[in-house]
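A short write-up of the structure that comes next.
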Amino acid sequence: MGDACASTSSTPTPDVVAASRKTELRVGRLTKAHGLKGALKVEMYTDDPASRFTPGAVFTLQVPDDSPWAGKTVELAELRWYNQQPVAFFVGIEDRTAAETLVKAILWVSLDPDALPEEEDAWYDHQLVGLSVVRDGHEVGRVARVDHFPAQDLLIVSTGSGEVMVPFVTAIVPSVDVVSGVVTITPPEGLFELTADADDPETSRDVVADADADADTTDADTTDADTTDADTTDADTTADASAEKPADES
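The sequence shown begins at 365 in the working numbering and counts up by one.
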């Protein structure tokens with residue numbers, strides 16, 4: 365997810381100020397062409413497709429530099445659902461050949477960085493990145509990014525010796541205070557000590573899997589993914605990232 369950038373102009377115009385306060389949210393990825401009339405299947409990274417994918421919505425495209433779509437946007441003409449799978453039609457994409465040039469493109473939308481998700485206990489990725497991560501009253505690192513997966517989201521915490529994947533569930537992340545800039549965690553034993561064995565990816569996956577299992581026993585509901593991006597992780601996240609932490613039941 366891109367950060368809001370500050371204007372470098374000494375006398376910015378209102379338009380420049382407005383643009384500088386925008387951040388980008390990743391809301392989906394185009395996975396494959398559908399049919400013969402230019403439609404594409406969409407992998408959603410948002411918990412709110414009804415408002416993100418409305419006719420007329422404009423998406424910035426993340427594509428390789430050599431793509432004919434590099435630096436361009438697309439406008440949504442219509443979103444349909446086939447067998448519970450979202451399928452998008454875009455203005456000017458009239459046939460399957462044109463649609464196939466957009467396969468694997470990631471869709472981003474602009475958002476005011478001060479905007480908040482409507483759901484309780486939900487945050488956009490850019491609100492979480494940089495927050496202090498505290499365990500037992502001591503800072504253990506800072507949120508580097510949020511990775512989105514179908515079952516749940518992961519907070520990627522940067523420590524002095526590496527990165528730790530923390531399942532973003534209430535049992536392990538009981539408190540997020542954006543105003544104070546603090547994420548409080550209660551991780552299972554060994555999760556943060558794992559960074560000492562950072563060269564062993566199998567060990568890393570095993571510990572995170574154990575953390576997932578522990579969380580499932582106390583927190584049956586897991587998150588929907590934005591989000592991102594999602595790819596489901598592609599992340600930079602500005603998946604829609606809204607990253608949702610299930611309340612004791614975004």
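A virtual CB, placed ideally from N, CA and C, is assigned to each residue, including glycine. No experiment lies behind these values; they were computed from the predicted model shown.
Identity of the residue in the options nearest residue i by Cα
i: A508; options: E439, Q491, P450; result: Q491
i: N447; options: L466, S474, H398, W487; result: H398
i: T424; options: V473, S431, V455; result: V473
i: L466; options: V406, F417, G420; result: V406
i: R416; options: P531, A452, V540; result: A452
i: D500; options: A434, V542, F556, P419; result: F556
i: V528; options: V542, F513, G554; result: G554
i: P432; options: P531, A463, V540; result: A463
i: T418; options: P531, V493, R444; result: R444
Residue i vs residue j beta-carbon contact at 7 Å
i: R393; j: I470; result: yes
i: T410; j: V391; result: yes
i: V537; j: I520; result: no
i: V547; j: V497; result: yes
i: D541; j: V510; result: no
Identity of the residues DSSP links to residue i by a beta bridge
i: Q449; result: Y446
i: Q426; result: I470
i: S539; result: T548
i: D517; result: H512
i: S496; result: R506, V546
i: S522; result: R506, E527
i: F454; result: L440
i: L394; result: V406
i: E388; result: S474
Chain-order list of residues whose beta-carbon lies under 6 Å from that of residue i (same chain, five-residue window excluded)
i: V455; result: E439, A441
i: P626; result: Residue numbering for the chain in the displayed model covers 365 to 614; residue 626 lies beyond these limits and cannot be assessed.
i: D434; result: Just to set this straight, residue 434 is Ala in the shown sequence, not Asp. The residues are V427.
Neighbour flag for residue i against chain C, beta carbons, 7 Å
i: V510; result: The structure shown contains no chain C; it holds only a single protein chain.
Cβ-based neighbour list, residue i, same chain, cut-off 8 Å, excluding 5 preceding and 5 following
i: K396; result: L404, K405, V467
i: K401; result: F453, E458, D459, R460
i: G420; result: E439, L440
i: A523; result: Looking at the sequence shown, residue 523 is not Ala but Thr. These residues qualify, in order along the chain: V504, G505, F556, T559.
i: T437; result: V422, F423, T424, L425
i: L495; result: R506, V507, V540, V542, G545, V546, V547
i: D429; result: none
Cβ-based neighbour list, residue i, same chain, cut-off 7 Å, excluding 5 preceding and 5 following
i: T586; result: Residue confidence is low: T586 scores 40 on pLDDT, short of 50, so the model does not pin down where it sits. No coordinate-derived value is stated.
i: Q449; result: K405
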